[in-house]
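Engineer: Input: one structure, supplied below.
Protein chains in written order, with my numbering: chain A, 64 to 430; chain B, 1240 to 1486.
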């Protein structure tokens, strides 16, 4: 008998622990399952499967749900509850993990041109493709409390990214004498030789930022350089007629700077890092220095070791990609595959879908 | 899940009138969409959605040539995540705006001057396809009167209602909504959208909500230009139904 009573009591207390609790202003507690909460009334089913009852919301001060959540119902609680949530989110630190990321990928580099052999002048685009590769490394050190406790949520780091494409092989377009269209070569040899040579893009960036529970923000500077290999160049002959200039082809100057500039880099994460969140980056993370320096990515953690990222390039091209990621013991391996939807170049249109595909692999270590 | 049917009003300059006035011809436009989300906790909401807008092909004779509207499909898959704090909800994500068009075969010159033609096919329109962030902001709780501002979220049409502001007033199981679509157009970033004004009514029973919408095209912006239309032209109106389920 004693065993039965103890079992019944245990079950009753267990049931109590599983029920919601409504705390009233006069100190009474109501237990049951809250079915509906409106500004005017609380409907709940008392424990023991009794008929649904109603309580005016103004008579209650708090509801504690069986899953541990708690809602304040006094006007003071409601007002401060929302403000407290914002303050708590701003004060609580993020995961503050150090992060090393290495990535590399490949896709077609496209040279677009107009071909007058197509009769529709609004749709006479064609293109030449050549191979290109990109790679990069990024290091992020978080939690600088050793320097000063005020920097406990701070992080800083640097990244280096590179991109190269092969020489664009010239294509000869046939003549159409009946329509006065001469034979031509694209890219035109007499154009700036910089358009046709092997090119490298190198970006060097450094940044500093804060890592909080529901957001992170980094800001920095990226120095961008473009290098070319000049293999040959044309030199005017000394005895050349000014009206009909003639050139000799001589050796080029080798590796040269083509252009250099600086750009802001940034990272903005909204949401908790170990939950579904969205990240916007400019010249950060596994980016493409020529086709996708500004990107956005929504991360869906499916399981402890698997995350599915879906993202897009916003600049320099418009692209869509999927990036499944597997992570174990702090090591994350991700494969990004996508399609460029819009090159945002008036000379590049009507590409075959398979020529617009790109892919890259990244390896990250967090500690 | 939602669906809507109306007209896409293709704008062109009429050569039949001396003032070259902008006018339009209508083709059938249909819209379908579905959106689902998971809410794990107050601070974590994640979801996906898909909207498909189909514009039928059509043409009209304009004095000496045909004005053509090719068959066009706009597909917008999208993802989003966000937080719902009761009095305010904030969600942000990414939308992929994919435009597929039927292209006629390209005619080209051979070296002997003869003309050949490629095959016609439906291809991705790489000039008008794009990606952009989407968002939804809700002010005031869902079960009271509340305001929503949404870009490429909820019940929307790829041509008519990409950016929509709405006021929803629920009364017991009934809900009335007034919505206003804005002609969002940021070149190179956001595709153009028409301006529509509409009303919606829905009824909720248990966890299922069934609703009806009706709207009026108040400004034709995405149909190739700003066309002049009669005020009460039947082609300005569209209607639709939607179904929501809480699982």
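Backbone N, C-alpha and C fix where the C-beta goes; we use that ideal spot for every residue, glycine too.
Applying the 10 Å Cβ sphere with the 16-neighbour rule, what's the burial state of residue 319(A)?
Structural biologist: Classification for residue 319(A): exposed.
Engineer: Is it buried or exposed for residue 78(A), if we count other Cβ within 10 angstroms and need 16 for buried?
Structural biologist: Low confidence applies to residue 78(A): its pLDDT is 42, below 50, so where it sits in the model is not reliable, and the reading given next is rough at best. With fewer than 16 Cβ atoms within 10 Å of its Cβ, residue 78(A) is classed as exposed.
Engineer: So for residue 70(A), helix, strand or coil by DSSP?
Structural biologist: Note that residue 70(A) has pLDDT 43, beneath the 50 cutoff, so the model's placement of it is unreliable and the number below is only indicative. Helix at residue 70(A).
Engineer: Spell out whether any CB of chain B is found under 7 Å from the CB atom of residue 171(A).
Structural biologist: It does not: the Cβ of residue 171(A) has no partner Cβ on chain B nearer than 7 Å.
Engineer: At a Cβ threshold of 7 Å, is residue 1288(B) touching chain A?
Structural biologist: Not closer than 7 Å to any Cβ of chain A, the Cβ of residue 1288(B) fails to qualify, so no.
Engineer: For a quick check, are the C-beta atoms of residue 343(A) and residue 359(A) less than 7 Å apart?
Structural biologist: Their beta carbons are under 7 Å apart, which means residue 343(A) touches residue 359(A) by this criterion.
Engineer: Quick one: Cα of residue 431(A) to Cα of residue 382(A), how far?
Structural biologist: The structure shown does not extend to residue 431(A), since chain A is modelled only from 64 through 430, so no value can be given for it.
Engineer: Looking at chain B, is there any beta carbon in it that lies within less than 7 Å of the beta carbon of residue 420(A)?
Structural biologist: No - not a single Cβ of chain B is within 7 Å of the one on residue 420(A).
Engineer: Considering Cα atoms alone, identify which of 384(A), 388(A), 176(A), 99(A) is closest to residue 402(A).
Structural biologist: Of the listed residues, the one whose Cα sits closest to residue 402(A) is 384(A).
Engineer: Could you tell me whether the Cβ atoms of residue 1350(B) and residue 239(A) are closer together than 7 Å?
Structural biologist: Yes. Within cutoff.
Engineer: For the region 336-362 of chain A, list every residue whose C-beta sits within 9 Å of some C-beta in chain B, in sequence order.
Structural biologist: The residues in question are 338, 339, 340, 341, 343, 359, 360, 361, 362.
Engineer: Could you work out which residues of chain A lie near residue 1382(B), taking near to mean beta carbons separated by less than 7 Å?
Structural biologist: Residues of chain A passing the Cβ test: 101.
Engineer: Give the residues from the region 370-393 of chain A that approach chain B closer than 8 Å (Cβ to any Cβ), ordered along the chain.
Structural biologist: The region 370-393 of chain A vs chain B, Cβ under 8 Å: 373, 374, 375, 376, 377, 381, 382, 383.
Engineer: Could you tell me which chain A residues have their CB closer than 7 Å to the CB of residue 1494(B), listed as they occur along the chain?
Structural biologist: This structure does not reach residue 1494(B), given that chain B is present from 1240 up to 1486, and the question cannot be answered.
Engineer: Please list the segments of the beta strand (DSSP E) lying wholly inside the region 1346-1371 of chain B, counting only runs of 3 or more residues, in order along the chain.
Structural biologist: Entirely contained in the region 1346-1371 of chain B, the beta strand (DSSP E) runs reaching 3 residues are, in chain order, 1346-1348, 1354-1356, 1360-1363.
Engineer: My assumption, with CB atoms under 8 Å, is that residue 195(A) sits in contact with residue 226(A). Please give the rounded CB distance.
Structural biologist: Contact flag correct, Cβ pair sits at about 7 Å.
Engineer: Pull up the DSSP beta-bridge partners for residue 420(A), would you.
Structural biologist: Bridge partners of residue 420(A): 402(A).
Engineer: Given this structure, state the Cα-to-Cα distance separating residue 288(A) from residue 323(A), to the nearest angstrom.
Structural biologist: If you take the alpha carbons of residue 288(A) and residue 323(A), they lie about 4 Å apart.
Engineer: What does the alpha-carbon distance come out to for the pair residue 273(A) and residue 335(A)?
Structural biologist: So the alpha carbons of these two residues sit roughly 13 Å apart.
Engineer: Do you know whose CA, among 1418(B), 1397(B), 1398(B), lies nearest residue 1407(B)'s CA?
Structural biologist: For residue 1407(B), the nearest C-alpha among the options comes from 1418(B).
Engineer: What are the residues in the region 1324-1336 of chain B lying within 7 Å of chain A by C-beta distance?
Structural biologist: Cβ contacts with chain A come from 1324, 1326, 1331, 1332, 1333, 1335.
Engineer: From the DSSP output, which residues share a beta bridge with residue 166(A)?
Structural biologist: Partner(s): 199(A), 425(A).
Engineer: Is it right to say residue 1484(B) is buried, meaning 16 or more other beta carbons lie within 10 angstroms of its own, or is it exposed?
Structural biologist: So residue 1484(B) counts as exposed.
Engineer: Hey, is residue 1425(B) close to the ligand NAD, as in C-beta under 6 Å from one of its heavy atoms?
Structural biologist: Among the components modelled here there is no ligand, and therefore nothing to report on the ligand NAD.
Engineer: Considering only residues of the same chain and omitting the five flanking positions on each side of residue 1442(B), which have a CB-CB separation below 8 Å?
Structural biologist: For residue 1442(B), where only same-chain residues beyond five positions count, the Cβ hits under 8 Å are 1412, 1413, 1414, 1448, 1449, 1450.
Engineer: Where do the ends of the beta strand (DSSP E) carrying residue 1333(B) lie?
Structural biologist: Segment 1327-1342, the beta strand (DSSP E) holding residue 1333(B).
Engineer: Within a Cβ cutoff of 8 Å, which residues of the same chain sit near residue 302(A), ignoring the five residues on either side of it in sequence?
Structural biologist: Correct list: empty, nothing qualifies.
Engineer: What's the call for residue 419(A), buried or exposed, on a 16-neighbour Cβ count within 10 Å?
Structural biologist: By the neighbour-count rule (16 or more Cβ atoms within 10 Å), residue 419(A) is buried.
Engineer: So the beta strand (DSSP E) residue 319(A) belongs to, where does it begin and stop?
Structural biologist: Element bounds for residue 319(A): 310-333.
Engineer: Quick one: what's got a C-beta closer than 7 Å to residue 1269(B)'s C-beta in the same chain, skipping five residues either side?
Structural biologist: For residue 1269(B), where only same-chain residues beyond five positions count, the Cβ hits under 7 Å are 1244, 1293.
Engineer: Please confirm if residue 1283(B) has its CB atom under 7 Å from at least one CB of chain A.
Structural biologist: Yes - at least one Cβ of chain A is within 7 Å of the one on residue 1283(B).
Engineer: Taking CB distances under 7 Å as the criterion, tell me whether residue 139(A) reaches chain B.
Structural biologist: Confidence at residue 139(A) is low in this model, with a pLDDT of 49, below 50, so the placement of that residue should be treated as unreliable; the coordinate-derived value is given next. Residue 139(A) does not count as touching chain B.
Engineer: Going straight from the alpha carbon of residue 1288(B) to that of residue 1315(B), what length do you get?
Structural biologist: Their backbone Cα atoms lie some 8 Å apart in a straight line.
Engineer: Starting from residue 1418(B), trace the beta strand (DSSP E) both ways and give me its first and last residue.
Structural biologist: Start and end: 1413-1421.
Engineer: Taking the alpha-carbon positions, what's the residue 143(A) to residue 126(A) distance?
Structural biologist: Confidence at residue 143(A) is low in this model, with a pLDDT of 45, below 50, so the placement of that residue should be treated as unreliable; the coordinate-derived value is given next. Rounded to the nearest angstrom, the two C-alpha atoms are 16 Å apart.
Engineer: Does the structure place the region 363-383 of chain A close enough to the region 402-416 of chain A that three or more beta carbon pairs sit under 8 Å?
Structural biologist: Output reads yes: the region 363-383 of chain A touches the region 402-416 of chain A.
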